[in-house]
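Structure first, then comments.
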Amino acid sequence: MAQNECQIPDTIAIAQGAEVTKEMVDQYNAQSGQMDMDKMWIIMGPQHPFSHGLWTLKICADGEIVTDADPIVGYLHRGWEKEAENRTYPKIIPMADRLCYAASMTYTHLFCMTCEKALGIEVPEKAKYIRIVADEINRLQSHLMWLAAVGTDLGNYTAFLWASREREYWMDMNIRLCGARLTTNYPRIGGVRNDVFDESTRFLRDLYRCCDHFDKSIWELINLIDNNSTFTSRMIGNGIISRERCANLGITGPAARGTGIDYDIRRDDPYDNYDKVDFEVPVLTTGDSYARYMVRMEEMIQSVKIIRQAAKKIEALGEKAPYRLKVPSKIPAGRTFCKLEDPRGESMMYLVSDGSDQPYRLKVRSPIFVNVSSSKDLLEGCRIADVPVIMAMIDMCLGETDR
Amino acid sequence: MSADEFMSWSTAMINDLLSSGTRRTIDKLTGPIWSWAMKNSMHPLHWGLACCALEMAQASASRFDAERYGMIYRSSPRQTDILLVNGWISKKIRNDIRRLWEEMPAPKWAVAMGECAISGGPWYDAYNCVQGLDQIVPVDLYIPGCPARPDAMIDGFMLLQKKIDDYFKRGVFFKD
Amino acid sequence: MAKEVREYKDTWESEIKGLIESKFSGKATVSKTETRRVYVKADRSISFDLCKFLRDDLDFEHCATVIGVDMVDYMQVVYHIDNYTKYKGVVVEVEVDIPNDDLHIESVACLWGGANWHERETWELFGIVFDNHPRLERLLTPENYEFFPFRKSYKLREVQ
């Protein structure tokens, strides 16, 4: 019989004493097996308490198991790249801040690197090390924001509060460095905006103090989550994809390093003196949410190590070392691209310049754009309650997805 | 009495009450109570759009504690008083913002946080951005900043508390 | 079956250049090479075969981007493809010209899943049609938009 036709037994007649025959029972059992009533599209719409940012996730659930997923993005699309064609190069720097607002320093750094490569200039050594320090402070801030969001989503409010508290220390470092908490507007084409690494500001003293404090508090955070077996059992074993599928889908960053891809742009394709600092890259092969979480926690520990080394090198360079070059406002015609290790993955900018002081085409590759597109593969086969866990481990920041 | 008779009796009672000076007395008695309750329990919608949303999250953390003002974020618009829009508004989300506003029960207030929600912000020439929240929804409070610091947001909400106070003391018995 | 990861050697770029130019003689030329970068200019007819060659024979497993560029007289599609194992760290950039009156190019979404949304976005913003793409629909802009915003013919509000 057709899917939507069914013979409902006359329950009123039965209640008033009619006979229940064997044919009725058999027919009812047969038809309930044929009706496909179990698959349902659930729309976790743009306003949803779990969504890290403004997007819609439609999941097709067969009972409790997710069989298909369809993310809808674009709620934050402003045509960033088209607006960048309408601005001069220095004006794009605060715009680049607002691409991924949690990792703003890395996008401005990337833009400045691309412009410097197009101009063919090399920034001074001190500026390179300052950019390393700024990037790593930003990485710590971004990962702590991720941890706070994970805490809120998965019901661990303590993790939210503790991670936010630690994040405040690093935002204070941001304020000391450049004056703003979140969207910093600090790197410039040719170097950085200002230099606070001399004795009078006591910035280095406070930076070391912050690193020492964080060395202890990261272990508090790790113990908080790892000693909580209900929390860890939610993360272990779901969201598993194979290494080949992960590389094919274009997933990069800590999500890929948790799946076995041993690739970190800071180590394998180094930029701006990252080859002169010594750090390890955590890679786990399990491929589940717990691995991605562990990779990020370990990355935070390594970031502190990098900050210490870079700060020592800045001290060794001395106070009078230059930190900014004067650059021409027009970039000669040509094409350049630069890659950088964002806290979320591999971000890239491709610049087509035409000799004027505005770019002809500036394309931004955001890591989350690709990570979100692979949500179907990540979510297939998990339960509905695992959906927030898996998507939280991707660490989304929708501003860079939609641009 | 039957249901119809009760309805006509109660409508007549309420009309008498409203037209006489009883209304002003009740307003004077209850206005301060409503205003004390509403302004100390502002419940915004748990919704973040863009950069200012991160500062909103930091405002509810332990350093700039927003919960001491009674601000608890609610997930469903049916249970909130305040629509806090904290990011740029694209044409795709414009209808949903209006719908969320319509779903909120009165009395309600709309807060535009950050430059993008006030007037479009840095995206003044975007083809996909609405130039300000007041194009969609009647805004009660504007919090400037890019991004608005958490202390600025809390300061704005303290101003909103004064506005709520004023709204109830003006007399709102049976108005909505 | 793990692939072998090799340490960087500076002969890699010329090695890749030789392999590409010998396989697609005439239709794909390497315009320049830098440390860990190979820039290829390819013809539209062999763009898919070149990508397949890069993925299968040279183990370039990660398609980073698919970019559309509107040079007013013609359009371009630029691919950036990364390598994790055999030539670790090398990026190959493939530039393909497309004439304005026939904006079609073969889609590489079946080779790399990462190219799927990038091609969808390029179609939506420029109007370049990717043949055999599984789902070429509007992604970022609202459904009812009918214009291609990133073309040079579309001017923003403040531009005269």
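Protein chains in written order, with numbering that gives the first Met the number 0: chain A, 0 to 402; chain B, 0 to 175; chain C, 0 to 159. Backbone N, C-alpha and C define an ideal beta-carbon position, used for all residues, glycine too. Computed from a predicted model, the values in this text were never measured in an experiment.
Among the CB atoms of chain A, none fall inside 9 Å of the CB of C/Pro98. Annotation: B/Met112 is outside any alpha helix (DSSP H); the continuous beta strand (DSSP E) that includes it extends over 108 to 112. Remark: C-beta atoms of A/Trp79 and A/Val386 do not approach each other more closely than 9 Å.
Residue C/Ala63 holds the alpha-carbon nearest to the alpha-carbon of C/Asn115 among C/Glu94, C/Arg43, C/Ala63, C/Gly126. B/Ser61 has a beta carbon lying within less than 9 Å of a beta carbon in chain A.
Each residue's CA atom was taken as its position, placing C/Lys154 and A/Tyr185 some 30 Å apart.
As summarised for the segment 35 to 116 of chain B, the continuous beta strand (DSSP E) elements at least 3 residues long and confined to that stretch are 81 to 84, 108 to 112, given in chain order. Chain B places a beta carbon closer than 9 Å to that of C/Arg156, counting this residue as a contact. Taking the beta carbon of C/Ile104 as reference, no residue of chain A falls within 9 Å; the closest one sits roughly 17 Å away. Between B/Gly86 and B/Cys50, the beta carbon gap of about 7 Å places them in contact (Cβ cut-off 8 Å).
Pairing A/Ala254 with A/Gly398 gives a Cβ-Cβ distance that is not under 9 Å.
Within the same chain, Cβ atoms closer than 7 Å to the Cβ of C/Ser106 are found at Glu118, Phe129, Asp130, Asn131, His132, the five residues on either side in sequence being excluded. Judged by DSSP in its simplified three-state form, A/Thr229 adopts helix. Note that the segment 295 to 308 of chain A does not touch the segment 316 to 335 of chain A; fewer than 3 beta-carbon pairs, one per stretch, sit closer than 8 Å. In this structure, A/Leu53 lies near A/Tyr74, with their beta-carbon atoms less than 9 Å apart. Within chain A, the C-beta atoms nearer than 7 Å to that of B/Ala49 come from Leu75, Tyr100, Gly398, in chain order. Judged by DSSP secondary structure, A/Thr55 falls within the beta strand (DSSP E) whose first and last residues are 55 to 61.
Listed along chain B are Asn127, each with a C-beta nearer than 7 Å to that of C/Thr140. With respect to B/Leu83, B/Leu44 sits close: the two C-beta atoms are nearer than 9 Å.
At a cut-off of 9 Å between beta-carbon atoms, C/Trp116 makes contact with chain A.
In the same chain as B/Gly20, and ignoring 5 residues on each side of it, no C-beta atom comes closer than 7 Å to its own.
Under DSSP, A/Ser346 forms a beta bridge with A/Leu339. Remark: C-beta atoms of A/His212 and C/Leu139 do not approach each other more closely than 9 Å.
With respect to the 9 Å criterion, A/Leu350 and A/Leu361 are classified as neighbours on the basis of their beta carbons. According to the DSSP assignment, C/Glu92 belongs to no alpha helix (DSSP H) but to the beta strand (DSSP E) extending over 90 to 98. Legend: CB atoms of the segment 210 to 235 of chain A lying less than 9 Å from CB atoms of chain B are not found in any residue. For A/Gln357, same chain residues with a beta-carbon under 8 Å away, outside a window of 5 residues either side, are Glu84, Asn85, Arg86, Thr87, Tyr88 in chain order. Taken in chain order, the members of the segment 343 to 365 of chain A whose beta-carbon sits within less than 7 Å of a beta-carbon on chain C are Glu345, Met347, Tyr349, Val351, Arg360, Lys362, Arg364. At a cut-off of 9 Å, the C-beta of B/Asp95 has no neighbouring C-beta in chain C. Rounded to whole angstroms, the separation of the alpha carbons of B/Asp139 and B/Ile153 is 15 Å.
Within the segment 106 to 156 of chain A, the complete alpha helix (DSSP H) segments at least 4 residues long are 124 to 152, listed from N- to C-terminus. At least one CB atom of chain B sits nearer than 9 Å to the CB of A/Ser163. By the Cβ criterion, the segment 68 to 76 of chain B is in contact with the segment 34 to 44 of chain B, since at least three pairs of Cβ atoms, one from each stretch, lie closer than 8 Å. The beta-carbon distance between C/Arg35 and C/Val89, rounded to whole angstroms, is 5 Å. This is short enough to meet the 8 Å contact definition. Listed in chain order, the positions of the segment 369 to 395 of chain A with a beta carbon within less than 9 Å of a beta carbon of chain C are Val369, Val371, Ser372, Ser373, Asp376.
In the three-state reduction of the DSSP assignment, C/Phe149 falls in the coil class, being assigned neither a helical nor a strand state.
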